[in-house]
Amino acid sequence: MKHSYQLLVVLLLPFIFQFLTSKADDLVYETFLNCMSSRNSSDHVSSLIYNPKNSSYTSTLQAYIRNQRFNKSTTPKPIIIVTPLYESHVQSTIICSKNMGMNLRIRSGGHDFEGLSYVSYTNFVLLDMSNFRSIDVNIEEETAMVQVGAIIGELYYRIWEKSKVHAFPAGVCPTVGIGGGGASFGVILSYKLQLVRVPEMVTVFRVVKTSEENVTDIFNRWQYVAEKMDNDLFIRLNLKPDHVNKTIRASFTAFFLGDSDHLVTVMDKEFPELGVKKNDCKEMSWIKSVLFWSSDDKAPLETLLIRSPSAKFAKRKSDYLQIPIPKNGIESIMQKMLELSVVGLAINPYGGRMSEIADWETPFPHRAGNIFKIEYSVNWDEGGPDIEAYYVNQTRQFYDFMTPFVSKNPREAYLNYRDLDIGTSGVGNNSYAEGKVYGQKYFKGNFERLVKVKTMVDPGDFFTNEQSIPVLKN
159 MKHSYQLLVV
169 LLLPFIFQFL
179 TSKADDLVYE
189 TFLNCMSSRN
199 SSDHVSSLIY
209 NPKNSSYTST
219 LQAYIRNQRF
229 NKSTTPKPII
239 IVTPLYESHV
249 QSTIICSKNM
259 GMNLRIRSGG
269 HDFEGLSYVS
279 YTNFVLLDMS
289 NFRSIDVNIE
299 EETAMVQVGA
309 IIGELYYRIW
319 EKSKVHAFPA
329 GVCPTVGIGG
339 GGASFGVILS
349 YKLQLVRVPE
359 MVTVFRVVKT
369 SEENVTDIFN
379 RWQYVAEKMD
389 NDLFIRLNLK
399 PDHVNKTIRA
409 SFTAFFLGDS
419 DHLVTVMDKE
429 FPELGVKKND
439 CKEMSWIKSV
449 LFWSSDDKAP
459 LETLLIRSPS
469 AKFAKRKSDY
479 LQIPIPKNGI
489 ESIMQKMLEL
499 SVVGLAINPY
509 GGRMSEIADW
519 ETPFPHRAGN
529 IFKIEYSVNW
539 DEGGPDIEAY
549 YVNQTRQFYD
559 FMTPFVSKNP
569 REAYLNYRDL
579 DIGTSGVGNN
589 SYAEGKVYGQ
599 KYFKGNFERL
609 VKVKTMVDPG
619 DFFTNEQSIP
629 VLKN
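Just so you know, we're using the working numbering here: the sequence shown kicks off at 159 and counts up by one.
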């Protein structure tokens, strides 16, 4: 009888634990809801707050998960999701989360490649800013006031509605949120942006070369001229292994603030090795060029308003180069890409306006002296721990292989290609030392200044994640 009783207890333990956990979660939800209600006069505040028992919880959580690596049953989920409509809702969420000792994660577009804007391994509240998507374009002032829940595709579209000769350079992926990764210091609600003028027609081209078409020499020439060419011209290089044909596809994609005749003249003078002809070029409006870069310039402009999440799994890493890669280095890189077979490279030249701003003027330090930035990119379609380990390991192998060619002391990295491999911080006395490892890679000499600001405005380190700016302890 005694053994039967013990067996019954063992069998019931999981159900008892689940029951107690559910009751505890209910209590947390009720306490949080009461806290929010006491601070907001609005009767509908409860409709903005979701817990796992709410029928809309899962769809709300998954709406802006851009990386399926962090959309698994084992991924830690928020105890509560808040989708604020007003500033007071944001303020209340911060206060209530802090009072209840819960971590806060802040999500705008969901493009954090390591999921830090919506995943935490401690009890947390997800503040989903997707309702903060107002965009007010003022052509007379040449400005736009943009809330952080908007995506850049929406920003581009709203600018185009008001003017065919204004734009804003924010990136090529339309679903990236305006938020911008400032979550170490607080919750950003909106930005005021200075628009730039563009001609009514711009010119683009995409020229593809393979290993059989002297791509090593073309790449070699590109790295010497790309950052120094006409400031109205930008040429991005994408390298991708074609393991079926055992070759590397090098795609040179250009954007030029001028007509095709002028562009061909510039190319003939400064980069004749690429062999660009007028029939390679396409003249179009600036807004159409956005579609050209992101998908297809024949797609309707309303494509820019689509917010659908990606079904892809992804891993990203980044590097900066300060001296050109020797030709034998280029050949070895291409050989390594074929060997690994899945890692792609997106290489963006710097120079131009990037180099005109001193590295200390803004937190972003990757200015003069950097000739280009590399994004190491791997996407895959199927889930599973073994599959994920395979693809993630591919990026790590390639990153290690690139060590001789890239920046050093520190090995610089781009914050918005978030990469936890380069370091993470915990809490307590070691957090500053740990934060310095990745902080100097992202911010170089500006890291210490950011730490001082963080210590002043958030001494308790409430706004924290695995790669946030740490505070100085007494």
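Every residue, glycine too, gets a C-beta built ideally from N, C-alpha and C.
Here VAL373 has LYS367, ILE406, ALA408 and MET492 as same chain residues with Cβ atoms under 8 Å from its own Cβ, once five neighbours each way along the sequence are excluded. With a 10 Å radius around the Cβ and a threshold of 16 neighbouring Cβ atoms, ASP270 comes out buried.
Unbroken alpha helix (DSSP H) runs of no fewer than 4 residues, entirely contained in the region 469-550, are found at 485-498 and 510-514, following chain order. In this structure the region 572-586 lies against the region 623-630, because at least three pairs of beta carbons, one per stretch, are closer than 8 Å. Collapsing the DSSP output to three states places HIS269 in coil.
Counted as a single uninterrupted DSSP element, the alpha helix (DSSP H) harbouring LYS446 occupies residues 444-452. Between PHE605 and the set GLU460, SER565 and THR520, the nearest pair of CA atoms involves THR520. Across the set ARG197, SER499 and ASN528, the C-alpha of ASN528 shows the shortest separation from the C-alpha of GLY510. When VAL629, GLY618 and ASP184 are compared, the shortest CA-CA separation from ARG607 is found for VAL629. Excluding residues up to 5 positions away in sequence, ASN261 lie with their Cβ nearer than 6 Å to the Cβ of THR280 in the same chain. Straight across, the Cα-Cα distance linking ARG465 with ASN212 is about 23 Å. LYS531 counts as buried, since no fewer than 16 other beta carbons sit within 10 angstroms of its beta carbon.
With respect to the C-alpha of TRP380, the residue from ARG394, GLU370, ASP390 and GLU371 having the closest C-alpha is ARG394. Positions of the beta strand (DSSP E) runs, each at least 3 residues long and wholly inside the region 368-430, are given as 391-400 and 405-414 in order along the chain. The Cβ neighbour count for MET287, taken over all protein chains shown within 10 Å, is at least 16; the residue is labelled buried. Annotation for GLN625: no alpha helix (DSSP H) segment contains it, and DSSP assigns it neither H nor E. The residue from SER583, SER217, ALA221 and MET495 with its alpha-carbon nearest to that of LYS398 is MET495. Sorting PRO568, GLY487, ASP579 and SER275 by C-alpha distance to the C-alpha of VAL550 places ASP579 at the top. Distance check between ASN198 and each of TYR222, SER250 and ASP183 places SER250 closest, using alpha-carbon atoms only. When Cβ pairs closer than 8 Å are counted between the two stretches, the region 477-487 is seen not to touch the region 346-364, the count staying below three.
In the structure shown, TYR600 falls within a helical segment according to DSSP collapsed to helix, strand and coil. Here ARG355 is exposed: its Cβ has fewer than 16 other Cβ atoms, across all protein chains shown, within 10 Å. When the five nearest sequence neighbours on each side are left out, the beta carbons in the same chain lying within less than 8 Å of the beta carbon of VAL422 are those of VAL434, LYS435, LYS436 and CYS439, in order along the chain.
Assignment of beta-bridge partners to ASP286 by DSSP yields ARG265. Restricting attention to beta strand (DSSP E) runs no shorter than 3 residues, the region 281-349 encloses them at 282-286, 293-296 and 301-305, ordered along the chain. Taking ILE252 as the centre and dropping the five residues before and after it, the same chain places the C-beta of LEU262 and VAL345 closer than 7 Å to its C-beta, in chain order.
Setting aside the 5 residues that flank it on each side, ASN229 is surrounded in the same chain by GLN220 and ILE223, each with a C-beta closer than 8 Å to its C-beta; the list follows chain order. For VAL366, the secondary structure class from DSSP, reduced to helix, strand or coil, is strand. Its chain contains GLU428 as the residues whose beta carbon lies nearer than 6 Å to that of MET387, once the 5 sequence neighbours on both sides are disregarded; these appear in chain order.
Of the candidates MET442, SER246, PHE392 and SER452, PHE392 places its Cα closest to the Cα of ILE505. THR216 sits exposed, since fewer than 16 C-beta atoms from the chains shown fall within 10 Å of its C-beta.
The C-beta distance from GLY581 to VAL595 rounds to 4 Å, short enough to fall under 8 Å. Looking at the DSSP output, GLU441 shares a beta bridge with THR361. Beta-bridge partners of ARG355 (DSSP): HIS324. Nearest in C-alpha terms to THR333, of all of HIS401, ASP539 and ILE310, is ILE310.
Here VAL240 carries a strand assignment [DSSP, helix/strand/coil].
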